[in-house]
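**Q** Dumping the structure here so I can ask a few things about it.
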Amino acid sequence: MQWIPNILFAIILFVGIYFFAKNVRKLIRNIKLGKEVDRSDNPSERWTNMARIALGQSKMVRRPVSGVLHIVVYLGFIIINIEVLEIILDGLLGTHRVFLPVLGQSVYGFLIGTFEVLALLVLVSVTVFWIRRNVMHIKRFLGKEMKGWPKNDGNNILYFEMVLMSLFLLMNATDDHFQHLATGNTISQYIAPFFENLSFGVVHAIERTAWWIHIVGILVFLNYLYYSKHLHILLAFPNTFFANLKPKGAFKNDPNVTKEVMMMMDPNADPYAAPAEGEDEVVATFGAKDVTDLSWVNLMNAYTCTECGRCTSNCPANLTGKELSPRKIMMDTRDRLEEVGKNIDANNGVFQDDGKNLFDYISKEEIWACTSCNACVETCPVNIDPLEIIMDMRRYLVMEESSAPTELNNMMQNVENNGAPWPYSQMDRLNWVDEEQ
Amino acid sequence: MIRVPIMADLFAEGKEPEILFWVGSAGSFDDRAKKITRAFVKILNKANVNFAVLGTEESSSGDAAKRAGNEFLFQMQAVTNIEVMNAYNVKKIVTACPHSFNTLKNEYPNLGGNYEVLHHTQFIQQLVDEGKLDLKDAQLSADRITFHDPCYLGRANDEYNAPRNLIKSLGASLVEMKRTKKNSLCCGAGGSQMFKEPEKGTMDVNDLRTQDALETQPNVIATGCPFCNTMMTDGVKNANKEETVQVKDVAELIVEALNL
Chain A
1 MQWIPNILFA IILFVGIYFF AKNVRKLIRN IKLGKEVDRS DNPSERWTNM
51 ARIALGQSKM VRRPVSGVLH IVVYLGFIII NIEVLEIILD GLLGTHRVFL
101 PVLGQSVYGF LIGTFEVLAL LVLVSVTVFW IRRNVMHIKR FLGKEMKGWP
151 KNDGNNILYF EMVLMSLFLL MNATDDHFQH LATGNTISQY IAPFFENLSF
201 GVVHAIERTA WWIHIVGILV FLNYLYYSKH LHILLAFPNT FFANLKPKGA
251 FKNDPNVTKE VMMMMDPNAD PYAAPAEGED EVVATFGAKD VTDLSWVNLM
301 NAYTCTECGR CTSNCPANLT GKELSPRKIM MDTRDRLEEV GKNIDANNGV
351 FQDDGKNLFD YISKEEIWAC TSCNACVETC PVNIDPLEII MDMRRYLVME
401 ESSAPTELNN MMQNVENNGA PWPYSQMDRL NWVDEEQ
Chain B
438 MIRVPIMADL FAEGKEPEIL FWVGSAGSFD DRAKKITRAF VKILNKANVN
488 FAVLGTEESS SGDAAKRAGN EFLFQMQAVT NIEVMNAYNV KKIVTACPHS
538 FNTLKNEYPN LGGNYEVLHH TQFIQQLVDE GKLDLKDAQL SADRITFHDP
588 CYLGRANDEY NAPRNLIKSL GASLVEMKRT KKNSLCCGAG GSQMFKEPEK
638 GTMDVNDLRT QDALETQPNV IATGCPFCNT MMTDGVKNAN KEETVQVKDV
688 AELIVEALNL
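Line order of the protein sequences matches chains A and B. Numbered according to the working numbering, the first sequence terminates at residue 437, and the numbering increases by one at each position without gaps. Numbered according to the working numbering, the second sequence terminates at residue 697, and the numbering increases by one at each position without gaps.
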């Protein structure tokens, strides 16, 4: 009978990790629905970027208030998780604070004391975050796309963290043995007196309950990630690693177009020639109509986005009241990708045409409002690139649907006819020389 | 009189200039941008730079077509231009247009066009550093200048210093806007917006950016892009400040300061 809690713990742990692993597999499957793009070059620069931007949070502190608060929560999250290792071992082995005899009282006390201080700091920071989101009128949290689930999602994460940190402190405060060590209870010693008048049995029951809810809560939170914007805590690392390293102004040249252009420019090419043996005969779509036309990096970007809205608050189009919001581009891409993923799951692994595409989520008006200024890309704390998605969708509109705004069609006609965006003759290209005022 | 050697003429004489000055479509046809083009040529002449222009053999870089989504038209333009430039054995290009600069530098190489490409502010900075252009006697009448970063020079290619260093060496004080360098706000013309009406919104981007600039109370809003120049000039007009605030290219400021 005494093994029942251990067995129960092992089952809960297994179920929690099993479902998480299942969701991670689905996540990777969905990301791989994107087109191949090679991001294996310059590994040392990539590691440096990951260390600096994801691990070192270097872009977060460009906004000092939210940046510093975020670093507190981030450090707290990573460091306090060391304690989870002990909790898991205790749960499986039926021990209590298994590291205490191993590390000795002073080291153990120092560690737990640090965790307690961090837990309090996280609690304070998360509360400030909640106030910023719900009480203060900070524009980037109030965007059109932040109604309903995205808003609730943001708050849910904060509630999770508040509850988990409180339980951690509570379970230490009600641990009679731990409190009597009088080391490591840096914060919980001020909570313990509230339970002084209760019987030992009741206090112990509170401690056990807090301990159990804490670890179950962590497993629930782990499984919440896949459905939440909070995936960034994992994906920020690969996302910064695989991010574009070229100058931001260098837009990719579509190799399928290059093939056609080179053939047109080659005087020896036979325009009616059948494709050579083994050559891919499937006609490629130009640009992106749906998420599967985007690259896997674009799709990983979408899962990484934590909807902080720094992109949107720096976007010239959004700042002047246009429909475009780079954050919404990322959220829509993820929503559509999830829809495609569910479709595949429901149809035995093969996508069945649902008559929808990314343009059901993102309007042409949004796509055409972009100035390609790279402000969104520059400011993203985890190097997400909404601009590449916008440009790919433009390419689809122009090259597959010929549906550019009229003025742009005129401009392109001019380029085609006389080699300038305006209707001036190429022969007049030197007129400026003699026009001294 | 400005001296503007033409590539085909030099080639006929068996000469190869060191530098190709890529004028760009705006620099060739837009009335305001043509003044910038001439100002830059005056600097090239003053520093005795061995350069040439393609003239009637130059065609749109394809930037506007590419940003408008027409990859096919862009690559046609690029390949045509590359053919011309490679035939002249072009090695080093300078341009006063950040859009041409970006496209030629970043998007031509994998289509067969490999050149060293410089923005005119970078090139002028080199002339100064090499002692070919002397700015010691430069004297500018304007005393407060703010610099608007063109997106395709700044964020797109990480060049923030060359234009600023030049402005500072003209003896004027440079005042920064609240949104500057990496955090600079677009003028509203990039991504082919220059050629279309903006989408529905509450205001135009150039007016917002002009507000940023006017907050620094400048005599001159300096920039390094023909499109930014147009947008900021319109913004200043819309704010009824054209009497007191001028919009100038860095090259024009140098010409003025050196009295060229």
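We put the CB at the ideal spot given by N, CA and C, even for glycine. Please read all numbers here as calculations on a predicted model, not as lab measurements.
(1) In the structure shown, what three-state DSSP assignment does B:S610 receive?
(2) Please decide whether A:K139 counts as near chain B, where near means a Cβ-Cβ distance under 8 Å.
(3) In chain order, what residues of the segment 353 to 375 of chain A put their CB closer than 9 Å to some CB of chain B?
(4) Name the two residues that bound the continuous alpha helix (DSSP H) containing B:I439.
(5) Mind checking if A:Q426 is an interface residue toward chain B, Cβ cutoff 8 Å exclusive?
(6) Taking A:C373 as the reference, which of B:L481, B:P587, B:L541, B:K685 has the closest Cα?
(7) I want to verify the contact list: residues of chain A whose CB lies under 7 Å from the CB of B:K633, in sequence order.
(8) From B:E613 to B:F584, what does the alpha carbon distance come to, in whole angstroms?
(9) How far does the beta strand (DSSP E) with B:C581 in it extend, from its first residue to its last?
(10) How would you call A:M171, buried or exposed, if buried means at least 16 neighbouring beta carbons within 10 angstroms?
(11) Give the interface partners of A:T320 over in chain B, defined as CB-CB distance under 9 Å, in chain order.
(12) List the endpoints of the continuous alpha helix (DSSP H) containing A:A288.
(13) Contact criterion: CB-CB distance below 8 Å. Does B:L622 meet it with respect to chain A?
(14) Any idea what DSSP makes of A:Q352, helix, strand or coil?
(15) Considering only residues of the same chain and omitting the five flanking positions on each side of A:E400, which have a CB-CB separation below 6 Å?
(16) Against chain B, with Cβ distances strictly below 8 Å, would A:A192 count as a contact?
(17) So A:R334 contacts chain B; which residues on that side make the cut at Cβ distance below 7 Å?
(18) Can you find a CB in chain A that lies within less than 8 Å of the CB of B:R469?
(19) In the DSSP assignment, find the unbroken beta strand (DSSP E) run with B:H556 in it and report its ends.
(20) Hey, could you find the ends of the alpha helix (DSSP H) B:V673 is sitting in?
(21) Of all the CB atoms in chain A, is at least one closer than 8 Å to the CB of B:T493?
(22) What ranges does the beta strand (DSSP E) occupy inside the segment 477 to 545 of chain B, keeping only unbroken runs of at least 3 residues that lie completely in it?
(23) On the three-pair Cβ rule with 8 Å, is the segment 304 to 313 of chain A touching the segment 146 to 154 of chain A?
(24) Can you name, in chain order, every residue of its own chain whose Cβ lies under 6 Å from the Cβ of B:T653, other than the five neighbours on each side?
(25) In the DSSP assignment, find the unbroken alpha helix (DSSP H) run with A:L235 in it and report its ends.
(26) Using a Cβ-Cβ cutoff of 7 Å, what residues of the segment 506 to 527 of chain B are near chain A? List them in chain order.
(27) Step through the CB atoms of chain A and report whether any lies within less than 8 Å of the CB of B:L548.
(28) Span of the beta strand (DSSP E) holding A:T186?
(29) Taking only three categories from DSSP, how would you classify B:F458?
(30) At what residues does the beta strand (DSSP E) containing B:T660 begin and finish?
(31) Compare the C-alpha of B:E453 against each of B:P655, B:Q563, B:V490, B:P546 and name the closest.
(32) Does the beta carbon of A:R429 sit closer than 8 Å to a beta carbon anywhere in chain B?
(33) Any Cβ of chain B within less than 8 Å of the Cβ of A:E145?
(34) Taking DSSP as the reference, what is the three-state secondary structure of A:D41?
(35) Classify A:D90 as helix, strand or coil using the three-state DSSP reduction.
(36) Please report the straight-line C-alpha distance between B:L685 and B:D595, rounded to a whole angstrom.
**A** In brief:
(1) Against the second sequence, residue 610 of chain B aligns to sequence position 173. Reduced to three states, the DSSP call for B:S610 is strand.
(2) Within the first sequence, numbered from 1, the residue matching residue 139 of chain A stands at position 139. Answer no: the Cβ-Cβ gap between A:K139 and chain B never drops below 8 Å.
(3) Along the segment 353 to 375 of chain A, going in chain order, the ones with a CB nearer than 9 Å to a CB of chain B are E365, E366, I367, W368, A369, C370, T371, S372, C373, N374, A375.
(4) Here residue 439 of chain B refers to the residue found at position 2 when the second sequence is read from its first residue. It is not in any alpha helix (DSSP H) - B:I439 carries neither H nor E in the DSSP assignment.
(5) Taking the first sequence and counting its residues from 1, the one referred to as residue 426 of chain A is at position 426. So yes, A:Q426 belongs to the interface.
(6) Sequence index remark: in the first sequence, residue 373 of chain A carries index 373 (1-based). Closest by alpha carbon: B:P587.
(7) In the second sequence, counting from the first residue as 1, residue 633 of chain B sits at position 196. The answer, in chain order, is P405, E407, L408.
(8) Along the second sequence, read from residue 1 onward, the residue named residue 613 of chain B stands at position 176. Along the second sequence, read from residue 1 onward, the residue named residue 584 of chain B stands at position 147. Their Cα atoms are separated by approximately 7 Å.
(9) The count along the second sequence starts at 1 and reaches residue 581 of chain B at position 144. Sequence inspection shows Arg at residue 581 of chain B; the Cys mentioned does not correspond to that position. From DSSP, the beta strand (DSSP E) with B:R581 extends over 581 to 584.
(10) Reading the first sequence from its first residue, position 171 is the one you call residue 171 of chain A. A:M171 is buried by the Cβ-count criterion.
(11) Stepping through the first sequence from its first residue, residue 320 of chain A is reached at position 320. Here the neighbours are G625, P635, G638, T639, M640, D641, V642, D644, L645.
(12) Working through the first sequence from its first residue, we reach residue 288 of chain A at position 288. Here A:A288 belongs to no alpha helix (DSSP H), and DSSP marks it neither H nor E.
(13) Position 185 of the second sequence, counting from 1, holds the residue named residue 622 of chain B. Chain A contact via Cβ: present.
(14) In the first sequence, counting from the first residue as 1, residue 352 of chain A sits at position 352. If DSSP states are grouped into helix, strand and coil, A:Q352 belongs with coil.
(15) For the purposes of this step, residue 400 of chain A is identified with residue 400 of the first sequence, where counting begins at 1. The residues are F286.
(16) Stepping through the first sequence from its first residue, residue 192 of chain A is reached at position 192. Cβ-Cβ to chain B under 8 Å: no for A:A192.
(17) Residue numbering aside, residue 334 of chain A sits at position 334 when the first sequence is read from its first letter. None at all; the shortest Cβ gap to chain B is about 23 Å.
(18) Counting from one through the second sequence, the residue named residue 469 of chain B turns up at place 32. B:R469 does not count as touching chain A.
(19) Here residue 556 of chain B is taken as the residue at index 119 of the second sequence, counted from 1. Counting along the chain, the unbroken beta strand (DSSP E) around B:H556 starts and ends at 553 to 556.
(20) On the second sequence, position 236 is the one that residue 673 of chain B refers to. Its alpha helix (DSSP H) spans residues 663 to 675.
(21) On the second sequence, residue 493 of chain B is found 56 positions in, with the first residue counted as 1. True, the Cβ-Cβ gap to chain A drops below 8 Å.
(22) 529 to 532
(23) yes
(24) Here residue 653 of chain B corresponds to residue number 216 of the second sequence, with the count starting at 1. Contacts found: T583, V612, M614.
(25) For the purposes of this step, residue 235 of chain A is taken as residue 235 along the first sequence, with counting starting at 1. Taken as a continuous stretch (DSSP letters only), the alpha helix (DSSP H) holding A:L235 covers 232 to 241.
(26) G506, N507, E508, F509, L510, Q512, M513, Q514, V516
(27) Position 111 of the second sequence, counted from the start, is the residue given in the question as residue 548 of chain B. Closer than 8 Å to some Cβ of chain A, the Cβ of B:L548 qualifies, so yes.
(28) Stepping through the first sequence from its first residue, residue 186 of chain A is reached at position 186. Taken as a continuous stretch (DSSP letters only), A:T186 belongs to no beta strand (DSSP E), as it is neither H nor E.
(29) Locating residue 458 of chain B in the second sequence gives position 21, where the first residue counts as 1. In this structure, B:F458 counts as strand in the three-state DSSP scheme.
(30) Position 223 of the second sequence, counted from the start, is the residue given in the question as residue 660 of chain B. 657 to 660 is the span of the beta strand (DSSP E), which, as asked, contains B:T660.
(31) Along the second sequence, read from residue 1 onward, the residue named residue 453 of chain B stands at position 16. Closest option to B:E453, Cα to Cα, is B:V490.
(32) By one-based count along the first sequence, residue 429 of chain A stands at place 429. Yes - at least one Cβ of chain B is within 8 Å of the one on A:R429.
(33) Position 145 of the first sequence, counted from the start, is the residue given in the question as residue 145 of chain A. With 8 Å as the cut-off, A:E145 does not count as an interface residue toward chain B.
(34) Taking the first residue of the first sequence as position 1, residue 41 of chain A is located at position 41. Three-state result, A:D41: coil.
(35) The sequence position of residue 90 of chain A within the first sequence is 90, counting from 1. Helix at A:D90.
(36) The residue you call residue 685 of chain B lines up with position 248 of the second sequence. The residue you call residue 595 of chain B lines up with position 158 of the second sequence. Just to set this straight, residue 685 of chain B is Lys in the shown sequence, not Leu. Those two C-alpha atoms are separated by around 21 Å.
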